[in-house]
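Peer 1: Numbering (the numbering used here), first residue to last: 1447 to 2164.
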């Protein structure tokens, strides 16, 4: 290959890769061995042919040659391929070239054992790996293994030089005069590419081609719509490197040992017994290789949604039911040692958003894709599958565009350790699944509390009992209320309200916000986003066991309740905000120092925000509140109030705002300002007398709690 041409083209590819929106992420790069390598990769798009050599060159700093289908070598693409070391599968010098470069270790190779793009990703038939279906079904090609074995045998012959160090190499015809024999054995390295998301739609590239090409073929149009969208709209490419298969360990068969012991015969592989052994070895090697390739598939949200959609037999299937199963599966697979290493990076994070606001669009984008393809329809919230598009005989070139969900589901069939788990979840009745999720979320809260205590607590700052989340069962109407304690407090703060709600037959759950009830140092290490996520977990828990849900938040958590309610994709029935501040300045000196002093503290803390800085706090309820207020926590409250300010006009559900006439912690005008911002036409304001900020805990809490219970009872559906 022309080295200058290769590097020039590599620079061009580098420039193009910065323009397209494909993000490649390598995994397990430590598995790449030294010596000559054949990378055996799965083949789904033409992107592998165009970009994979560049990615591997960047990783190994060695020229990468590859094989590609002969029908691609046309026009400008032919010149590009030739400069980049891409060889046609019909090139008569193909095998010779591969063996030459392996012997000299001048370049690595990429070979696609599937032999073509597997657009439907149907890879498994029983226990066998297959490419194609029906009469066209066949096993993956074994050519990569045959070539690797031949190269290793030739390398062994060349290494011993027939016992005469002065004699010419037996394989001299494979090496140029300036090339030396590789001292390391040949290896095959399994390599898996997983794309996410896969979307098929018209794009700028398909529109451009349609303008200049009359009646483009079905194949051309489908590939432009799928691969053009991936390039232009963005796609994550997870590239996993598997455990190498060393050819040095594959030559133990007696016939191969006798070949190596005999004088060098240039046509050794044409002897029928030798050929038979090589073919059998190659078949075993490639079966192992393909198993490793497919076992490295990176599991993502689309795989889970598609699998449950494919396996559903329900006539009342909804988006939320699918989201429940995807959430439960995601939580389960993170504890599965056989699968956790295969997770897309997004699945390593909390998935509670799937059941609340879908803020990352994991569900909405999947459903939009399958709706656009026509493989499902949706009527009054119920999903119906189009039977004709869920058949295995769907046209090969139509599969990605007509039923992308089937393609996604097919891709994870080889993940054996996952199949049983997903099958059980798919068969679990909805009522049981809801109970399992509710129990799981409650136990998660207890686990998080235990972890925080283990990490931060030396001497308990607050009674351990006060910090525990509390769940109270209610009546058969199944109206639930999520009670959210204030900043610096604990779930105990909401128990008086929970008791009165319980008497009215209302379910309640007093959650614990992260960092609270353990240590001020734990609180200093949390963010308001973590508090928000705890509220979401509480919402989902109650949604699993209740038909209607209300949020009740005290002080800054009243703002938090409104902020969450404004974003939920499944609206709650109402919100109660008790003594909410409108801005940080509404807090009194009991909570934080006067502004000049606070500014000095804040400047000092921002210079080194890793340091723990605290201000003294005078709590109304010292048994359930911290005495120390972390500066980091106050800045999080400030961010929460800013987020709440922008979201309050979007609240369009019933709201009750409560305040205290002479509140000694927060300016009562704050509650009035919050009330004025709220966009809902159904809103009420209640002003309690006295000076206590904590009007729902301790003395005189009965009346405000009764007001809350009445508001909820009036708004709850019969």
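Ideal Cβ placement from N, Cα and C applies to all residues, glycine included. If you're wondering where the values come from, they're calculated on a predicted model, not measured in any experiment.
Name the two residues that bound the continuous alpha helix (DSSP H) containing residue 1896.
Peer 2: That run of the alpha helix (DSSP H) goes 1876–1902.
Peer 1: Which of the three DSSP states, helix, strand or coil, is assigned to residue 2136?
Peer 2: Residue 2136 falls in the coil class under three-state DSSP.
Peer 1: Could you tell me how far apart the beta carbons of residue 1514 and residue 1535 are, in whole angstroms, since I believe they sit closer than 8 Å?
Peer 2: Sure, about 7 Å apart at Cβ, within 8 Å.
Peer 1: Would residue 1627 and residue 1756 be called neighbours here (beta carbons separated by less than 8 Å)?
Peer 2: No; because the gap between Cβ atoms is not below 8 Å, this pair is not in contact.
Peer 1: Mark residue 1608 as exposed unless 16 or more other C-beta atoms lie within 10 angstroms of its C-beta, in which case mark it buried.
Peer 2: In this predicted model, residue 1608 has a pLDDT of only 45, less than 50, meaning its place in the structure is not dependable; the value taken from the coordinates is given anyway. Exposed is the call here.
Peer 1: By how many angstroms is the C-alpha of residue 1746 removed from the C-alpha of residue 1696?
Peer 2: C-alpha separation (whole angstroms): 35 Å.
Peer 1: What residue range does the beta strand (DSSP E) around residue 2018 cover?
Peer 2: Counting along the chain, residue 2018 falls outside any beta strand (DSSP E), and DSSP gives it neither H nor E.
Peer 1: Going straight from the alpha carbon of residue 1960 to that of residue 1753, what length do you get?
Peer 2: Taking the straight line from one Cα to the other gives about 34 Å.
Peer 1: For residue 1631, is the classification buried or exposed, using 16 other Cβ atoms within 10 angstroms of its Cβ as the cut-off for buried?
Peer 2: Its Cβ being crowded by 16 or more others within 10 Å, residue 1631 is buried.
Peer 1: Which residues does DSSP pair with residue 1767 in a beta bridge?
Peer 2: Paired residues: none, contrary to the question.
Peer 1: Expressed to the nearest angstrom, what Euclidean distance is found between the alpha-carbon atoms of residue 1773 and residue 2082?
Peer 2: Each residue's alpha carbon lies about 28 Å from the other.
Peer 1: Comparing C-alpha positions only, which one of 2058, 1547, 2092 sits nearest to residue 2077?
Peer 2: Checking every option, the nearest Cα to that of residue 2077 belongs to 2058.
Peer 1: Could you give the first and the last residue of the continuous alpha helix (DSSP H) run that contains residue 1499?
Peer 2: Per DSSP, residue 1499 belongs to the alpha helix (DSSP H) from 1493–1506.
Peer 1: What does a CB cutoff of less than 7 Å around residue 1979 pick up in its chain, not counting 5 residues either side in sequence?
Peer 2: Answer for residue 1979: 1796, 1798, listed in chain order.
Peer 1: For residue 1761 and residue 1826, I'd like the C-alpha separation in whole angstroms.
Peer 2: Distance between the alpha carbons of residue 1761 and residue 1826: 13 Å.
Peer 1: Using CA coordinates, which residue listed in 1945, 2114, 1950 is at the minimum distance from residue 2023?
Peer 2: The shortest Cα separation from residue 2023 among 1945, 2114, 1950 belongs to 2114.
Peer 1: Does the region 1475–1486 come within contact of the region 1634–1645, defined as at least 3 CB pairs closer than 8 Å?
Peer 2: The region 1475–1486 is in contact with the region 1634–1645.
Peer 1: Taking three-plus beta-carbon pairs below 8 Å as touching, is the region 1899–1913 in contact with the region 1972–1990?
Peer 2: The region 1899–1913 vs the region 1972–1990: no contact.
Peer 1: Quick one: give me the first and last residue of the alpha helix (DSSP H) that residue 1786 is part of.
Peer 2: Per DSSP, residue 1786 belongs to no alpha helix (DSSP H) and is neither H nor E.
Peer 1: So, is residue 1781 buried or exposed, given that buried needs 16 or more other C-beta atoms within 10 angstroms?
Peer 2: It counts as exposed.
Peer 1: Along the alpha helix (DSSP H) that carries residue 1477, what are the first and last residues, could you check?
Peer 2: Segment: none, residue 1477 is in no alpha helix (DSSP H) and carries neither H nor E.
Peer 1: For the alpha helix (DSSP H) that residue 1543 lies in, which residues bound it at each end?
Peer 2: First-last of the alpha helix (DSSP H) with residue 1543: 1540–1550.
Peer 1: Grab me the residues of residue 1850's own chain with a C-beta within less than 7 Å of its C-beta, minus the 5 sequence neighbours each way, in chain order.
Peer 2: Correct list, in chain order: 1644, 1646, 1815, 1816, 1819.
Peer 1: Can you check whether the CB of residue 1592 is closer than 8 Å to the CB of residue 1585?
Peer 2: Their beta carbons are not under 8 Å apart, which means residue 1585 does not touch residue 1592 by this criterion.
Peer 1: Are the CB atoms of residue 1715 and residue 1702 nearer to each other than 8 Å?
Peer 2: For residue 1715 and residue 1702, no; Cβs fall outside 8 Å.
Peer 1: Could you say if the region 1917–1936 and the region 1944–1960 meet the contact criterion of at least three C-beta pairs nearer than 8 Å?
Peer 2: In short, these stretches touch, since the Cβ pair count reaches three.
Peer 1: Please list, in chain order, all residues of the same chain as residue 1903 whose beta carbon is under 8 Å from its beta carbon, the five residues on each side excluded.
Peer 2: Excluding sequence neighbours, residue 1903 sits near 1964, 1965, 1968.
Peer 1: Over what stretch of residues does the beta strand (DSSP E) that includes residue 1926 continue unbroken?
Peer 2: Note, residue 1926: beta strand (DSSP E), 1925–1930.
Peer 1: Look up residue 1638 in the DSSP assignment and give the residues it is bridged to.
Peer 2: Its beta-bridge partners are 1686.
Peer 1: Can you tell which of 2137, 2010, 2153 has the C-alpha that lies nearest to the C-alpha of residue 2098?
Peer 2: Nearest of 2137, 2010, 2153 to residue 2098, Cα basis: 2010.
Peer 1: Are at least three pairs of beta-carbons, each pair with one atom in the region 1547–1566 and one in the region 1496–1515, less than 8 Å apart?
Peer 2: Enough Cβ pairs lie closer than 8 Å, so yes.
Peer 1: Mark residue 1830 as exposed unless 16 or more other C-beta atoms lie within 10 angstroms of its C-beta, in which case mark it buried.
Peer 2: So residue 1830 ends up on the exposed side.
Peer 1: Out of 1638, 1642, 1929, 1706, which has the shortest C-alpha to C-alpha gap to residue 1679?
Peer 2: For residue 1679, the nearest C-alpha among the options comes from 1642.
Peer 1: Could you compute how far the alpha carbon of residue 2008 sits from the alpha carbon of residue 1789?
Peer 2: Rounded to the nearest angstrom, the two C-alpha atoms are 34 Å apart.
Peer 1: Touching or not, the region 1934–1945 and the region 2134–2145, by the rule of three or more beta carbon pairs under 8 Å?
Peer 2: With the cut-off at 8 Å, the region 1934–1945 and the region 2134–2145 touch.
Peer 1: Can you tell which of 1744, 1704, 1734, 1694 has the C-alpha that lies nearest to the C-alpha of residue 1683?
Peer 2: That would be 1744, whose Cα lies nearest to the Cα of residue 1683.
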